[in-house]
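Visitor: Protein chains in written order, with the working numbering: chain V, 1 to 316; chain Y, 1001 to 1500; chain F, 2001 to 2149.
All C-beta atoms, glycine included, are put in the ideal place defined by N, C-alpha and C.
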Amino acid sequence: MSRVALILALAFAWADAEADSTYPVRSLTYTVAFGPGGGNDLMSRTVVDIIRQYGLYGDQHVRIENRPGGSGAIGYGRVARQAGNAYVITSTSGSFLTTPIVSETSWTWRDFTPIALLALDAMFLVVRTDSPFVSIDGFVTRARQSDMKIGGNGATGPDRVVAGLLAESAGIEFTYVPFQNGSGLLTGLTSSSLHALVSNPSEVMGQVAAGNFRVLAYSADSRSTVYPEVPTFVEQGYEVEFAVPRGIVMPADIPADVRDWWIDVLKKVVATPEWKNYLESRGLSAAVLWGDDFGDYLGRTDSEYRRILNSFGSIH
Amino acid sequence: MEDLFANLASGLALALSLENLVFLVVGVSVGMLVGLFPGFGPAAGIAILIPMTLGLEPTTGIILLAGIYYGAMYGGTITSILINTPGESATVASTLDGYPLAQAGRAGPALVMQAVASFVGGAVGVVLICAFAPALSSFAASFGPSEYFLIVFLGLLLLATLMGDSLLKGIISALLGFAISTVGVDVISGAQRFTFGSPELIDGIYFVPVAIGLFGIGELLNCIYTGEHKKPAKRISVTIFSRAFWPRAGDFRISRFTFARGSLIGFIAGVLPGSGATIGSILAYSVEKRVARDPGEFGKGDIRGLVAPEAANNAASAGAMVPLISLGIPGSGATAVLLGALLMWGLQPGPMLIVDNPDFVWALIGSMYLGNLMLVLMSVVAIPLFIKFLDVPYRLVVPVIVTLCIVGTFALHSSMIETWILLATGLLGFGMKRFGYSPAATVLAVVLGGMAENAFLQSLLIGDGSLRIFITRPISLALTAVAAAIFVAAAVVRLRALRR
Amino acid sequence: MRFLFSMALLAFSLSYTGYALYSLDLLDRADRLGPGFFPAIVGVLLIATTAANGIREYRRQREAGTALDALWRDVAEMTGLIALFLVLLPYAGSLLTIFAFTGLYLYRFNRGRGWFNAVYAVAFSAAVYLLFEVVLQAGLPQGVLAPLY
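1) If you draw a straight line from the alpha carbon of Ala1179 (chain Y) to that of Phe139 (chain V), how long is it in whole angstroms?
2) From Asp221 (chain V) to Phe1037 (chain Y), what distance separates their C-alpha atoms?
3) Which chain F residues are close to His1229 (chain Y), counting only those with a beta carbon under 8 angstroms from its beta carbon?
4) Let me know the secondary structure DSSP gives Glu173 (chain V) once reduced to three states.
5) Whole angstroms is fine: what's the gap from Val2135 (chain F)'s alpha carbon to Ala1334 (chain Y)'s?
6) With a cut-off of 8 angstroms on the beta carbons, I'd call Ile101 (chain V) and Arg306 (chain V) a contact; round off their distance for me.
7) Would Leu1128 (chain Y) and Phe1259 (chain Y) be called neighbours here (beta carbons separated by less than 7 angstroms)?
8) Restricting to Cα atoms, I'd like to know which of V:Ile50, V:Ala80, V:Ala163 and V:Phe174 is closest to Ala143 (chain V).
9) Check whether the Cβ atoms of Tyr1099 (chain Y) and His1229 (chain Y) lie closer than 7 angstroms to each other.
10) Rounded to the nearest angstrom, what separates Ser192 (chain V) and Asp130 (chain V) at their Cα positions?
11) Of all the CB atoms in chain Y, is at least one closer than 7 angstroms to the CB of Leu2045 (chain F)?
12) Tell me, please, whether the CB atom of Pro1358 (chain Y) is closer than 7 angstroms to any CB atom in chain V?
13) For chain V, is any of its Cβ atoms less than 7 angstroms away from the one on Asp1203 (chain Y)?
14) Kindly indicate which three-state DSSP category Lys1231 (chain Y) falls into: helix, strand or coil?
15) I'd like to check one pair, Gly1218 (chain Y) with Thr1430 (chain Y): are the Cβ atoms closer than 7 angstroms?
16) Hey, quick one: how far does the beta strand (DSSP E) through Asp121 (chain V) stretch, first residue to last?
17) Determine the chain Y residues that contact Ile308 (chain V) at a beta-carbon separation under 9 angstroms, and present them in chain order.
18) Of the residues V:Arg110, V:Met205, V:Gly152 and V:Leu166, which one's Cα is nearest the Cα of Asp253 (chain V)?
19) I need the boundaries of the beta strand (DSSP E) containing Asp30 (chain V), first residue and last residue.
20) What would DSSP say about Val1447 (chain Y), mapped onto helix, strand or coil?
21) I'd like to check one pair, Gly1045 (chain Y) with Ala1318 (chain Y): are the Cβ atoms closer than 7 angstroms?
22) I'd like to know whether the C-beta of Met2078 (chain F) is nearer than 7 angstroms to at least one C-beta of chain Y.
23) Tell me the start and end of each unbroken beta strand (DSSP E) in the stretch 234-306 of chain V that is at least 3 residues and wholly inside, in chain order.
24) For the stretch 1195-1215 of chain Y against the stretch 2035-2046 of chain F, are there 3 or more C-beta pairs whose distance is under 8 angstroms?
25) Per DSSP, which residues does Ala196 (chain V) bridge with? Please list them.
26) Indicate whether the contact test is met: 3 or more Cβ pairs, each with one atom in the stretch 1066-1073 of chain Y and one in the stretch 1244-1258 of chain Y, closer than 8 angstroms.
27) One question on the structure: do Ala119 (chain V) and Leu309 (chain V) come within less than 7 angstroms of each other, judged by their Cβ atoms?
28) Are the beta-carbon atoms belonging to Ala1320 (chain Y) and Ile1265 (chain Y) less than 7 angstroms from one another?
29) Which chain Y residues sit within Cβ distance under 8 angstroms of Leu194 (chain V)?
30) With a cut-off of 7 angstroms, does the C-beta of Gln180 (chain V) fall near any C-beta of chain Y?
31) Per DSSP, Val1210 (chain Y) forms a beta bridge with which residues?
32) Any beta-carbon of chain V closer than 7 angstroms to the one on Ser1189 (chain Y)?
33) So which residues of chain F does Ile1172 (chain Y) contact, with C-beta pairs closer than 8 angstroms?
34) How would you call Leu1167 (chain Y), buried or exposed, if buried means at least 16 neighbouring beta carbons within 10 angstroms?
35) Buried or exposed for Ile2055 (chain F), going by 16 or more other Cβ atoms inside 10 Å?
36) Note down, in chain order, each residue of its chain lying with its Cβ closer than 6 angstroms to the Cβ of Leu6 (chain V), except the 5 sequence neighbours on either side.
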């Protein structure tokens, strides 16, 4: 262990010595706390591709490493342990906030340096097209009379929070059915086992386009730029506002000028057509917050999560 | 039907372009290579090559990635046959007769037959995709949690046919697998079970280290115990020109219906999202054992016991393309990675994909015909190389097996805990093998246990806590009837046996 | 051994079930089946079947006797070598660990062929390194060699 510490200490001393000269003097490790192919991985790879394409990281190399496991606990823990290392970076997800709440991890969002919020991944409430519900009001009225089954990914994820917020603001009760993956969730609705589901837009887009599913509401504070025809919960009179922050964080205690350097670079990233194309294809809303503003946002979202998950008794 | 041929012809024409052919060859070769190493399944292979596909046309890219996907199915069986180490749950059933065949000196015929069976399964699967994709996708879409539970339950009932010496030990083996499957976060309640505060265990114990441990390390220790490492190598010295290399006419004659049954069962299981290829290969094996006049030969190196699961798992990997393309629903880890790749190219998998991008879909299907053809040729050419491995004295092979097992396990999630699980399950597997338990039942219970529990609890939530949900939905009712019929049939067989 | 193995399974079943009942709730807050329900069923069945199995194996062993033969030693040594591999891997890195493991194994199980064993160990560890690190980029531990990367 002491050998590891020695190497790390040497690496930091080196990084510190170089901090005042031109920043990227070494290759960057972009840690993805999930497996390949998921939402977080896709966003990370898009950012890295843009950085490579426009030469934003100087002539140094950017390496992506997938460190999945424990709903992000492993990958984020790995980054959190490297406090002060200006050459490690990672992207946030719903699990970035929920995993420390529901499991015992050695880190929370406070153990990171917030760099930028780049996009918000809000949720759809979706029903089958052949169901009688055309608006959220009709759905809520029916839910007062009989028990509705609403599906979502995971017992403690963002989907559960959106469903919980709806129940709270409409004063209804329903049965939440957790699924382990998106495919089980989708067939839950296509097979009429569920009445509705809460999902990431990209997972249901195909079914919506084919006319099989109908979207009742969107959980962001304003309508999506990609689906302007879908009303928000708020405009239909329900206080449901919740989105997964898709942003970028680095380990704690990195030099302030490195943080500012990254804010500048990411400002260039979000201005590219490639980034706009990514947002569009994934149904994400552009939403940017820099540095401490992003930190405040994480803090607010974190307390919202805690409050809702507490009310279900999901925190043990 | 005419449309079908026109579409398929245009798809084949697209797939035959020089660039697409080159990448198809790259894809199937990489697939076979990663399939050879336990732990490196198709999901890992695809993930490694995804960055390479970013600059390609989507059609070329998906041809490359799909090639890896079904190529790995061919390669994955080779280690199952030669060193009893399945790298994938879908090839667990292939060890049951594949490894005994190799031990009896029939490794050549076994490998050739598995290549042929894989080809038949894959080709039948592709034909069925063309013919029935629209109908099948609505069938798959009607599978909710209650139907899944019943399908998995049927799979579990059939586990009994895989069991070793005694029913009691078989049941213990399966229960051990269920116990392992309960580790990790419970999907329904979100509670952590048996994690002892370790983040590595939150996602549960993955079946790959368990499978590699029980089979690979377990068999290795067993060979040491039986003194394999003190014996000189048995020279097999077969070449592609010698008779012993090729299957006998009798092998084909006895398994001619096995090909058809295996392919069909595998394809149907593959279409249902879930653990398609795994359930398909068990179902195919069990059915084959049931319909055989001499079921006693199974497990001792019966060629039918290899052909059935091989035809099935390859047909299933074709079948799994149906929900992926037509519903946007990935049926397995590997197809989930493929889905991610599609999104990366800006293609939205779902019912509209074939309407909006017909060229893409038909070129993919066309390339699957070509890919399967290439794979069977490549396998036959490469098999003599693999058999050479058996000519090396066992004591020199040991470091290779140990290293492959450990490196393959570590490469999955870079987790040291999983490598220790490998050693622990290796010792368990050794004991199980020596004393007549059934490691295959354990691995399959690990895979199916979590699915069964989740689907059961989801069904209860949806059905307001009542078991009626399993008979009120039409498909559920049909599946419940099949399960009941299996029970009754088993009981009748028992009674008759008692009367005699 | 046969009987001991069955007893180990029984011991596992008892501790599994005990821990499940101690740490998990059978029912959730809404009185629906909770996280401990399935483990409890599996645990109880495991105890019942492994106990019955233990009795059978005891009878069988009494008939057959308890002779231990010499090869158990080889199995134990092999297990020790694999454990050594796993202990070394994160610290020494993949290249050195595979070299050390192969070398030690051959020294013990392929005696008296020093030169051949040395060449085998070097060539094999280098080949694995090239295949998995360079071609497949598996991200194996680098260990003490990390500064050289």
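Guide: Let me lay it out:
1) Those two C-alpha atoms are separated by around 41 angstroms.
2) Spanning the two alpha carbons is a distance of roughly 49 angstroms.
3) Within chain F, the residues near His1229 (chain Y) are Asp2074 and Phe2109.
4) Looking at Glu173 (chain V) - three-state DSSP - the assignment turns out to be coil, as it is neither helix nor strand.
5) Rounded to whole angstroms, the gap between the alpha carbons of Val2135 (chain F) and Ala1334 (chain Y) is 21 angstroms.
6) Right, their Cβ atoms sit about 6 angstroms apart.
7) Not closer than 7 angstroms, so no.
8) Scanning V:Ile50, V:Ala80, V:Ala163 and V:Phe174 for the CA closest to the CA of Ala143 (chain V) turns up V:Phe174.
9) Their beta carbons are not under 7 angstroms apart, which means Tyr1099 (chain Y) does not touch His1229 (chain Y) by this criterion.
10) If you take the alpha carbons of Ser192 (chain V) and Asp130 (chain V), they lie about 10 angstroms apart.
11) It does; some Cβ of chain Y falls within 7 angstroms.
12) Taking a beta-carbon distance threshold of 7 angstroms, Pro1358 (chain Y) does not count as an interface residue toward chain V.
13) When Cβ-Cβ separations below 7 angstroms define contact, Asp1203 (chain Y) makes contact with chain V.
14) Look at Lys1231 (chain Y) here: in three-state DSSP terms it is coil, with no helix or strand label.
15) It is Phe, not Thr, that sits at residue 1430 (chain Y) in the sequence shown. Yes.
16) Counting along the chain, the beta strand (DSSP E) containing Asp121 (chain V) begins and ends at Phe112 to Ala122.
17) Neighbours of Ile308 (chain V) on chain Y: none; closest Cβ ~13 angstroms, over 9 angstroms.
18) Nearest of V:Arg110, V:Met205, V:Gly152 and V:Leu166 to Asp253 (chain V), Cα basis: V:Arg110.
19) Here the sequence assigns Tyr to residue 30 (chain V), which means Asp is not the residue at that position. Segment Leu28 to Val32, the beta strand (DSSP E) holding Tyr30 (chain V).
20) Val1447 (chain Y) falls in the helix class under three-state DSSP.
21) No Cβ-Cβ contact shorter than 7 angstroms links Ala1318 (chain Y) with Gly1045 (chain Y).
22) Chain Y has a Cβ within less than 7 angstroms of the Cβ of Met2078 (chain F).
23) Secondary structure remark: continuous beta strand (DSSP E) runs of at least 3 residues inside the stretch 234-306 of chain V, in chain order: 243-251 and 285-290.
24) Fewer than three Cβ pairs drawn from the stretch 1195-1215 of chain Y and the stretch 2035-2046 of chain F lie within less than 8 angstroms of each other, which leaves the two stretches out of contact.
25) V:Val127 and V:Ile150.
26) Remark: fewer than three beta-carbon pairs, one from each stretch, lie closer than 8 angstroms, so the stretch 1066-1073 of chain Y and the stretch 1244-1258 of chain Y are not flagged as touching.
27) Against a cut-off of 7 angstroms, the Cβ pair of Leu309 (chain V) and Ala119 (chain V) comes out as no contact.
28) Contact flag unset, no.
29) Those are Gly1144 and Ile1462, listed as they occur along chain Y.
30) Yes - at least one Cβ of chain Y is within 7 angstroms of the one on Gln180 (chain V).
31) Paired residues: none, contrary to the question.
32) Answer yes: the Cβ-Cβ gap between Ser1189 (chain Y) and chain V drops below 7 angstroms somewhere.
33) Under the 8 angstroms cutoff, chain F gives Leu2009, Leu2046, Thr2049, Thr2050 and Asn2053.
34) So Leu1167 (chain Y) counts as exposed.
35) Exposure of Ile2055 (chain F) is indicated by the presence of fewer than 16 other C-beta atoms within 10 angstroms of its C-beta.
36) Confidence at Leu6 (chain V) is low in this model, with a pLDDT of 48, below 50, so the placement of that residue is unreliable and no value is reported for it.
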